[in-house]
Amino acid sequence: MNTLPLQTACRPRFFSLTDTKKIKGLHHEYGQAVQQYFHRLFPHRRWQVFRDPVGTPLAIDVEILYPTEEEPFYLLHTMGMSASPMRYPSGAFSANEGYSELCLILPARWPFRRERGLSLNDKAAWPIWLLMELGRFPHVHDVWMGYGFLLPNREKPESFAEDTALSGVVIVQFEGQLGGVKMPDGTTVELLMPILLYKEEMDLCSDIGIDSLVDAVLDECGGSFLLNKDRPNIALEDDWGP
2 MNTLPLQTAC RPRFFSLTDT KKIKGLHHEY GQAVQQYFHR LFPHRRWQVF RDPVGTPLAI
62 DVEILYPTEE EPFYLLHTMG MSASPMRYPS GAFSANEGYS ELCLILPARW PFRRERGLSL
122 NDKAAWPIWL LMELGRFPHV HDVWMGYGFL LPNREKPESF AEDTALSGVV IVQFEGQLGG
182 VKMPDGTTVE LLMPILLYKE EMDLCSDIGI DSLVDAVLDE CGGSFLLNKD RPNIALEDDW
242 GP
């Protein structure tokens, strides 16, 4: 079986979320179509789907595609965020709603315990939990999430895990194949990626703007979108001094 239930004993909570009443999913087929799309885009990979044990307001499952020798990275994506639309701010777009799923890329060396396969009780599995919580955030708070959406982990930012000081996210979106998936009914499900930030980088964003912040983080990572939990904090570099 490639589909595994999640265990809740060690379930972390991010972004100050609390469980809410369940809302009706209108398009569960969108998440399945996104899964099939990633399987076509990254073929011949071992994969697992981890089922959301909470399911409120929507079930946000996460699929992980394992690294290959040719493409040495894990690709994670949500399935379920697009079951219900997000509402755009009034007057922001000609349409008033949109559909999205999240994706995240981890290096092949990510410190998962490997002796018995991947487990959600593994402390290193926190990025999977993060995607689940982030995927439900716009539905819990009835907000629109798109490029430039900035979100700290709790009101006073707390690190996502013991082995990193990263404590917030900014949402970006690729162009091309990783930018979105066209559904059979003509709807586009946007593919969004969180870039993880330090508290000081989130503070710096108000001074330099989203684009400059994202560019600086990518430059620090050599242009790579792989999550590096130990990367330097660009807000502490001399370039941003008075």
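Numbering-wise, my numbering puts 186 at position 185 of the sequence shown, and it's gapless, one number per residue. Each residue gets a CB set at the ideal place from its N, CA and C atoms; glycine is no exception. In this text the structure is predicted, and so the values were computed from the model without any measurement.
Can you say whether residue i is buried or exposed, counting buried as having 16 or more other CB atoms within 10 angstroms of its CB?
{"i": "R47", "result": "exposed"}
{"i": "F138", "result": "buried"}
{"i": "L42", "result": "exposed"}
{"i": "G177", "result": "exposed"}
{"i": "Q37", "result": "exposed"}
{"i": "F74", "result": "buried"}
{"i": "K25", "result": "exposed"}
{"i": "K157", "result": "exposed"}
Alpha helix (DSSP H) containing residue i: first to last residue?
{"i": "Y89", "result": "No alpha helix (DSSP H) holds Y89; DSSP gives it neither H nor E."}
{"i": "E202", "result": "K200 to I209"}
What are the start and end residues of the beta strand (DSSP E) that includes residue i?
{"i": "D62", "result": "D62 to L66"}
{"i": "I106", "result": "E98 to P108"}
{"i": "K183", "result": "G181 to K183"}
{"i": "I235", "result": "No beta strand (DSSP E) contains I235, which DSSP labels as neither H nor E."}
{"i": "I172", "result": "G169 to V173"}
Quick check: residue i and residue j, are their CB atoms within less than 8 Å of each other?
{"i": "T188", "j": "Y100", "result": "yes"}
{"i": "I106", "j": "F15", "result": "no"}
{"i": "A236", "j": "E191", "result": "no"}
{"i": "L121", "j": "I65", "result": "no"}
{"i": "L151", "j": "C206", "result": "yes"}
Can you round the beta-carbon distance between residue i and residue j to whole angstroms, since I take them to be within the 8 Å contact cut?
{"i": "D169", "j": "N154", "result": "Residue 169 is actually Gly in this sequence, not Asp. Between N154 and G169 the Cβ distance is about 6 Å, and since that is below 8 Å, they are a contact."}
{"i": "P58", "j": "H140", "result": "5 Å"}
{"i": "P195", "j": "L103", "result": "7 Å"}
{"i": "M82", "j": "I61", "result": "6 Å"}
{"i": "A84", "j": "H29", "result": "5 Å"}
Runs of beta strand (DSSP E) wholly within the region 118-153 (minimum 3 residues, chain order): Listed in chain order, the complete beta strand (DSSP E) runs (minimum 3 residues) inside the region 118-153 are 151-153.
Continuous beta strand (DSSP E) assignments of at least 3 residues falling wholly in the region 31-75: Taking only runs of at least 3 residues, the beta strand (DSSP E) segments lying wholly in the region 31-75 are 48-52 and 62-66.
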